[in-house]
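Residue numbers (my numbering): 68 to 179. C-beta: ideal position from N, C-alpha, C; glycine also.
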């Protein structure tokens, strides 16, 4: 007899709690963010987002800045500027591509 096909168990994303400077409880399905920069202080990170809102008003109109503090040891503390939350990875990737096509040097899609 042929071996029985066993259904694969549904993988559940691990709940992540990040120490964000601008926290928002993540409940339900995984949300995504687009990391667009990293600055030495929170004020510069938020100012960078304000500049991006001026440069890319249509693309960023429905998103908010999420600043996450990251201690990189010998490199010091940096504040990662992320945009979101975004409902799915495809939408986050599309936003990143659109920002790059309009002049943003680089961005990174990440699960929140």
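Contact between residue 104 and residue 112 is confirmed by a C-beta separation of about 7 Å, below the 8 Å threshold. With contacts defined by Cβ atoms closer than 8 Å, residue 102 and residue 162 do not form a contacting pair. Within the same chain, no Cβ atom closer than 7 Å to the Cβ of residue 131 is found once the five residues on either side in sequence are excluded. A distance below 6 Å between beta-carbons, with the five flanking residues on each side excluded, links residue 138 to the following residues of its chain, in chain order: 144.
The DSSP-derived three-state label of residue 139 is coil.
When secondary structure is reduced to three states using DSSP, residue 117 falls in the helix class.
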